[in-house]
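Residue numbers (this note's numbering): 6 to 333. C-beta atoms are modelled at their ideal positions from N, C-alpha and C, and glycine is treated no differently. Quick caveat, the model's predicted, so the values are computed rather than measured. Take a look at the structure set out below.
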Amino acid sequence: MKRPFAELWGTGSYAPARVMTNDEFSKFLETSDQWIQERTGIRERRVSSKEETNACMGKAAALQVLQETGLTPLDVDAIVYATASPDRLLPSQACDLQAILGAKNAAAFDVGAACSGFVYALSAAEGMIATEQAEHVLVIAAEKLTSIMDWSDRTTAVLFGDGAGATMVRRSTNGRGILSVYLKTDGTLAELLYRPGGGATHPPSEELLKDHSYYIKMAGREVFKAAVLSMADACDHALERAGLSAGDLDLLIPHQANIRIIEATAKHAGVPMDKVYVNVDRFGNTSAASIAIALDEAVKCGRLKPGMVVMFCAFGAGFTWGSMVVRW
Ligand code: UT7
6 MKRPFAELWG TGSYAPARVM TNDEFSKFLE TSDQWIQERT GIRERRVSSK EETNACMGKA
66 AALQVLQETG LTPLDVDAIV YATASPDRLL PSQACDLQAI LGAKNAAAFD VGAACSGFVY
126 ALSAAEGMIA TEQAEHVLVI AAEKLTSIMD WSDRTTAVLF GDGAGATMVR RSTNGRGILS
186 VYLKTDGTLA ELLYRPGGGA THPPSEELLK DHSYYIKMAG REVFKAAVLS MADACDHALE
246 RAGLSAGDLD LLIPHQANIR IIEATAKHAG VPMDKVYVNV DRFGNTSAAS IAIALDEAVK
306 CGRLKPGMVV MFCAFGAGFT WGSMVVRW
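Laid out in structure tokens, this is it:
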């Protein structure tokens, strides 16, 4: 058996209505629109309301996929949900979505791979299709990061945003689908980007709220360097495994964390910037959701058309990283 086993079928996304500009941060943090734009490329991000839970955003993206594919929730055999900011810690976000979607026939589980979550989740879905465990796997990537970031820390608060994206994975038709996957992890570097408190080792306490260890902590400069190296590594390997070169790509959709990381990744891969999808300026870093949202936008605006070859490339906490080449 040879790839492609599975293809992505339909896309959807959801962005909260509330747009927060960089200038709003400079009202309560020592920062500026100029610093944020120059260092990250971010102009604004979306911030979810209390009612816009992770599950609600995921559901909105999923419903678009169901509408596009003509499937009903009962046709979904599995839900794979990538998130680092679930509404609650137990059960998984996927279980809540299965309930509110009414996807009674679906097995449901989360994938915890932070910003690489969408690529990891697609890989899990591909495996379920290839081994004939499922016909339709709904893959959702959704984040409510503004609820777990430290609004008093300028080194992280200005970076993140909320949103969701989704797609359906089914058996490949006409040679379209996932041509290669490359996934990597280095857990020894976990503490460069993590949430120290709130888990079983440091359960919720007054102290934890006071010292802000409940929130995302990041050693930005170190993470930046690792992201550039890892995304380059991922692009090289995914292309090699697909038997393709950069010139065969019609589009690169990298994780949207920082325009400088995106540009460095494109340069290394040998992909000109006019073939790179960028929306970090409008969404900031939406972690697992970032590639999923960008994918939906790229399809809807006609930048990604049937038959084209696209590469996803991600890096995130863990550290986790990975790439996937897909014939759309
Ligand atoms: O999603 C996957 C994981 N995340 C990433 O990929 C993010 C990776 N990291 C980055 O994107 C960048 O490292 C940051 C955007 C987080 C920071 O940019 P940088 O160019 O690496 O800045 P830096 O951390 O080296 O800081 C430079 C200066 C520091 O001041 P001093 O020590 O030079 O006086 C910071 O305190 O900029 C300061 N600074 C800020 N100034 C204004 C840090 N954050 C801010 C801010 N506004 N928001």
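### Task
May I have the straight-line CA-CA distance separating D191 from I134, to the nearest angstrom?
Within the sequence shown, the letter at position 186 stands for residue 191. Within the sequence shown, the letter at position 129 stands for residue 134. Our two residues, D191 and I134, have alpha carbons roughly 27 Å apart in a direct line.
### Query
Where in the region 175 to 212 do unbroken runs of the alpha helix (DSSP H), each at least 4 residues long, occur, reported from the N-terminal end onward?
Qualifying alpha helix (DSSP H) stretches: none in this window.
### Task
Could you name the residues of the same chain whose beta carbon sits closer than 6 Å to that of M223, not counting the 5 residues immediately before and after it, in chain order?
What you label residue 223 is simply residue 218 of the sequence shown in a count that begins at 1. Here the set comprises T161 and L198.
### Message
Going by beta-carbon coordinates alone, are I258 and L300 separated by less than 9 Å?
### Response
Position 253 of the sequence shown holds residue 258. Position 295 of the sequence shown holds residue 300. Yes.
### Query
If you draw a straight line from the C-alpha of D82 to the C-alpha of A269, how long is it?
By one-based count along the sequence shown, residue 82 stands at place 77. By one-based count along the sequence shown, residue 269 stands at place 264. Taken atom to atom, the span from the alpha-carbon of D82 to that of A269 is near 39 Å.
### Residue nearest to I84 in terms of C-alpha spacing, selected from D255, A293 and G63
Along the sequence shown, read from residue 1 onward, the residue named residue 84 stands at position 79. Comparing Cα-Cα distances from I84 to each of D255, A293 and G63, the minimum goes to G63.
### Message
Can you check which of these residues, C61, K305, G170 and T26, is closest to A104 by C-alpha distance?
### Response
By one-based count along the sequence shown, residue 104 stands at place 99. By alpha-carbon distance to A104, the top candidate from C61, K305, G170 and T26 is C61.
### Buried versus exposed, by CB contacts within 10 Å (16 or more), R23
Within the sequence shown, the letter at position 18 stands for residue 23. Its Cβ having fewer than 16 others within 10 Å, R23 is exposed.
### Message
Restricting to Cα atoms, I'd like to know which of K280, S53 and G17 is closest to V304.
### Response
Counted from its first residue, the sequence shown places residue 304 at position 299. Scanning K280, S53 and G17 for the CA closest to the CA of V304 turns up G17.
### Task
Starting from M25, follow its DSSP beta bridges and name the residues at the other end.
Residue 25 sits at position 20 when you count from the first residue of the sequence shown. Paired residues: R50.
### Query
Taking contact to mean at least 3 C-beta pairs separated by less than 8 Å, is the region 313 to 325 in contact with the region 140 to 157?
These segments do not touch.
### Task
Mind checking who S328 pairs with in its DSSP beta bridge?
For the purposes of this step, residue 328 is taken as residue 323 along the sequence shown, with counting starting at 1. Paired residues: Y187 and C318.
### Message
Quick check: the Cα distance between G180 and P9, rounded to an integer number of angstroms?
### Response
Residue 180 sits at position 175 when you count from the first residue of the sequence shown. Residue 9 sits at position 4 when you count from the first residue of the sequence shown. About 6 Å.
### Query
Starting from K230 and walking both ways along the alpha helix (DSSP H), at which residues does that stretch end?
Here residue 230 corresponds to residue number 225 of the sequence shown, with the count starting at 1. Looking at the DSSP string, the run of the alpha helix (DSSP H) that includes K230 is G225 to A247.
### Query
With a CB to CB cut of under 8 Å and the five nearest residues on each side skipped, what residues in its chain are close to P311?
In the sequence shown, residue 311 corresponds to position 306, counting from 1. Here the set comprises R181 and W333.
### Message
For Y282 and A243, which I take to be in contact (beta-carbon distance under 8 Å), what is that distance rounded to the nearest angstrom?
### Response
Start at 1 with the first residue of the sequence shown, and residue 282 comes out as number 277. Start at 1 with the first residue of the sequence shown, and residue 243 comes out as number 238. Contact between Y282 and A243 does not hold, since the beta-carbon distance rounds to 16 Å and is not under 8 Å.
### Task
Look at the Cβ atom of K189, then the Cβ atom of G327, and state whether they are nearer than 9 Å.
Working through the sequence shown from its first residue, we reach residue 189 at position 184. Working through the sequence shown from its first residue, we reach residue 327 at position 322. Against a cut-off of 9 Å, the Cβ pair of G327 and K189 comes out as a contact.
### Message
Can you check which of these residues, D255, D286, A297 and F288, is closest to L309 by C-alpha distance?
### Response
Counted from its first residue, the sequence shown places residue 309 at position 304. Distances from the alpha-carbon of L309 to those of D255, D286, A297 and F288 put D255 closest.
### Task
Work out the CA separation of L213 and G124 for me, nearest whole Å.
Numbered from 1 along the sequence shown, position 119 holds the residue referred to as residue 124. Numbered from 1 along the sequence shown, position 208 holds the residue referred to as residue 213. The displayed chain sequence assigns Val, not Gly, to residue 124. When rounded, the separation of the alpha-carbon atoms in V124 and L213 is 32 Å.
### Query
Is A87 near A67, with beta carbons less than 9 Å apart?
Here the question's residue 87 lines up with position 82 in the sequence shown. Here the question's residue 67 lines up with position 62 in the sequence shown. At least 9 Å separates the beta-carbon of A87 from that of A67.
### Simplified DSSP assignment, three categories, for F114
Taking the sequence shown and counting its residues from 1, one reaches residue 114 at position 109. In the structure shown, F114 sits in a strand (DSSP, three-state: E or B).
#### Entry: Contacting residues, own chain, Cβ-Cβ under 6 Å from G46 (five flanking each side not counted)
As a working note, residue 46 is residue 41 in the sequence shown. So the list reads I264, V285 and D286, once near-sequence residues are dropped.
### Message
I need the boundaries of the alpha helix (DSSP H) containing I41, first residue and last residue.
### Response
Within the sequence shown, the letter at position 36 stands for residue 41. For I41, the enclosing alpha helix (DSSP H) starts and ends at D38 to T45.
### Task
With a 10 Å radius around its C-beta and 16 neighbouring C-beta atoms as the bar for buried, classify A195 as buried or exposed.
The residue labelled residue 195 in the question sits at position 190 within the sequence shown. With fewer than 16 other CB atoms across the displayed protein chains lying within 10 angstroms of its CB, A195 is exposed.
### Query
Any idea which residues DSSP pairs L353 with across the strands?
With the chain running from 6 to 333 in the structure shown, residue 353 is simply not present.
### Inter-residue spacing [alpha-carbon to alpha-carbon] between V116 and F165
Looking up residue 116 in the sequence shown gives position 111. Looking up residue 165 in the sequence shown gives position 160. Here the alpha carbons of F165 and V116 stand approximately 20 Å from one another.
### Message
For a test of your reading of the model: does the CB of S292 fall under 8 Å from any non-hydrogen atom of ligand 1? Yes or no.
### Response
Counting from one through the sequence shown, the residue named residue 292 turns up at place 287. For ligand 1, a non-hydrogen atom lies closer than 8 Å to the CB of S292.
### Task
Just grab the DSSP bridge partners of D167 for me.
The count along the sequence shown starts at 1 and reaches residue 167 at position 162. K149.
### Query
What's the gap between the Cα of G275 and the Cα of C240?
The residue labelled residue 275 in the question sits at position 270 within the sequence shown. The residue labelled residue 240 in the question sits at position 235 within the sequence shown. If I take the Cα positions, the gap works out to 10 Å.
### Task
Mind reading off the beta-carbon distance from I221 to I153? Whole number of angstroms is fine, and I expect it under 8 Å.
Within the sequence shown, residue 221 is the residue found at index 216, counting from 1. Within the sequence shown, residue 153 is the residue found at index 148, counting from 1. Their Cβ separation, rounded to whole angstroms, is 6 Å, which keeps I221 and I153 in contact under 8 Å.
### Query
Can you name the residues that DSSP bridges to W14?
Taking the sequence shown and counting its residues from 1, the one referred to as residue 14 is at position 9. Note: W14 is bridge-paired with M173 in the DSSP secondary-structure output.
### Query
For ligand 1, is there a heavy atom less than 8 Å away from the beta-carbon of G168?
Residue mapping note: residue 168 aligns to position 163 of the sequence shown, counting from 1. A distance criterion of 8 Å places the beta-carbon of G168 beyond contact range of ligand 1, judged by its closest non-hydrogen atom.
### Task
Run the proximity test for L34: is its beta-carbon closer than 8 Å to any non-hydrogen atom belonging to ligand 1?
To locate residue 34, count along the sequence shown from 1; it is residue 29. Yes, the beta carbon of L34 sits closer than 8 Å to at least one heavy atom of ligand 1.
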